[in-house]
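*Asks:*
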Amino acid sequence: MDLRNSAPFIGMPLLLIAVQIGALLLTPQMQSAGISAFEDPASFGNTLIFIGILLGFTLILLLLIRWGGKRIIAAVIAASIFFTFIYIFSALTMFVFGGSLIGTIATFLLAVCATGVLYLYPEWYVIDTLGVLIAAGVAAIFGISLEIAPVLILLVLLAVYDAISVYKTRHMIELAENVVEMKAPILVVIPKSRNYSYIKEGLSLEKGERGAFIMGMGDLIMPSILVVSVHAFLDAPLILGLLSLPTVGTMLGSLAGLAVLLYYVNRGNPQAGLPTLNGGAIAGFLIVCLLTGSWGWIPGI
1 MDLRNSAPFI GMPLLLIAVQ IGALLLTPQM QSAGISAFED PASFGNTLIF
51 IGILLGFTLI LLLLIRWGGK RIIAAVIAAS IFFTFIYIFS ALTMFVFGGS
101 LIGTIATFLL AVCATGVLYL YPEWYVIDTL GVLIAAGVAA IFGISLEIAP
151 VLILLVLLAV YDAISVYKTR HMIELAENVV EMKAPILVVI PKSRNYSYIK
201 EGLSLEKGER GAFIMGMGDL IMPSILVVSV HAFLDAPLIL GLLSLPTVGT
251 MLGSLAGLAV LLYYVNRGNP QAGLPTLNGG AIAGFLIVCL LTGSWGWIPG
301 I
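In this text, residue positions in the sequence shown follow the working numbering: the first is 1, and each later residue adds one.
(1) When you compare only the Cα positions, how much space is there between Pro237 and Thr292?
(2) Buried or exposed, going by whether 16 or more other CB atoms sit within 10 Å of the CB of Val96?
(3) How long is the line joining the alpha carbons of Lys168 and Lys70, rounded to whole angstroms?
(4) Fully enclosed by the region 105-145, which alpha helix (DSSP H) runs are 4 residues long or longer?
(5) Which same chain residues end up closer than 7 Å to Leu242 when comparing Cβ atoms and leaving out the 5 residues on each side of it in sequence?
(6) DSSP beta-bridge partners for Ser244?
(7) So, for Phe9: in the same chain, excluding its five sequence neighbours on each side, which residues have a beta-carbon less than 7 Å away from its beta-carbon?
(8) Just grab the DSSP bridge partners of Ile298 for me.
(9) Mapping the DSSP letters down to three states, classify Ile164 as helix, strand or coil.
(10) By the three-class DSSP mapping on this structure, what secondary structure does Ile51 have?
(11) Under 6 Å Cβ to Cβ from Pro246, same chain only, skipping five residues before and after it: list those, please.
(12) Output needed for Leu110: all residues of its chain with C-beta closer than 6 Å, excluding positions within five of it in sequence on either side, in chain order.
(13) Excluding sequence positions up to five away, which residues of its chain have a Cβ less than 6 Å from the Cβ of Pro304?
(14) What does the alpha-carbon distance come out to for the pair Trp297 and Met94?
(15) Provide the residue span of the beta strand (DSSP E) that contains Phe213, from first to last.
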């Protein structure tokens, strides 16, 4: 493998680690700010709600694509990114300014600036930097909103759905192609050379030489939700007093899953990321639970 094609084997693991560390650092701030997606983190109904919202949102996007509504899609994505930044920065400014008016103003200005930079200058390093922040924030919010058992069910269902949508119905590829065409900043970009410009060159998902590799932001978020949930809800032995062994096992498992994914990505075809990423994270978590006897997350135990 030459240096150009080895880029994703270096960049993507670094991005995944950055998202997971960022999510863990944001977790206490999110908890202190009282930010949560669901009232009852132990409810398995939350998993169904999550899947239902995802399917509904995907259907709406596909219909808009086929009806020529790409401007509407761009507006919806921009609004979603803006409000995600609001949640993230509100947790950070509350830590600094408390619930004061200054904190509220700072949150709004930071969200406007971050969203504006993404759309006014969507170069790959801007997308990747702010994409890591978005992914970390979303993972932290859902990680503290769902206990481990519901998260495990969610990740299994999402892995199955991702495989079907990429290899069977292929509608996820259609969606990804349009997102790339619009340069919507809901993915991360790993260039093969320092001279690559996402703004000027864009990216094609067709076979052939590409200037960069891409990964959907959801592929970074989903396994990281389990990392945060394990950290937040499982009382287990710690490493150096910082992270529990199951948390570290989940992180290492997701990296192993990413390695498997990258092996197939290097062949040049679009791949479903969640089967290997979620599968690796779940396997890493369960293996460490087996070794340490950390089964307190199972309902009734």
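Each residue gets a CB set at the ideal place from its N, CA and C atoms; glycine is no exception. None of the values given here were measured: they were computed from a predicted structure.
*Replies:* Answer, in terms of the structure:
(1) On the sequence shown, residue 237 is found 237 positions in, with the first residue counted as 1. On the sequence shown, residue 292 is found 292 positions in, with the first residue counted as 1. Looking at the two C-alpha atoms, the distance is approximately 8 Å.
(2) Within the sequence shown, residue 96 is the residue found at index 96, counting from 1. The residue is exposed, with fewer than 16 neighbouring Cβ atoms inside 10 Å.
(3) To locate residue 168, count along the sequence shown from 1; it is residue 168. To locate residue 70, count along the sequence shown from 1; it is residue 70. About 24 Å.
(4) 124-143
(5) Working through the sequence shown from its first residue, we reach residue 242 at position 242. None.
(6) Numbered from 1 along the sequence shown, position 244 holds the residue referred to as residue 244. Looking at the DSSP assignment, Ser244 forms a beta bridge with Leu238.
(7) Walking along the sequence shown from the start, residue 9 turns up at place 9. Leu262, listed in sequence order.
(8) Working through the sequence shown from its first residue, we reach residue 298 at position 298. When beta bridges are read from the DSSP output, Ile298 appears opposite no residue.
(9) The residue you call residue 164 lines up with position 164 of the sequence shown. DSSP places Ile164 in helix when its eight states are reduced to three.
(10) As a working mapping, residue 51 is identified with position 51 in the sequence shown. Ile51 falls in the helix class under three-state DSSP.
(11) In the sequence shown, counting from the first residue as 1, residue 246 sits at position 246. Cβ neighbours of Pro246 beyond the five flanking positions: Val230, Leu234, Ala236, Phe285, Val288, Cys289, Ser294.
(12) Walking along the sequence shown from the start, residue 110 turns up at place 110. Hits under 6 Å: Phe89.
(13) Look at the range of the chain in this structure, 1 to 301, and you will see that residue 304 is not part of it.
(14) Translated into positions along the sequence shown, residue 297 becomes position 297. Translated into positions along the sequence shown, residue 94 becomes position 94. One C-alpha to the other measures close to 31 Å.
(15) Translated into the one-based positions of the sequence shown, residue 213 becomes position 213. Segment 212-216, the beta strand (DSSP E) holding Phe213.
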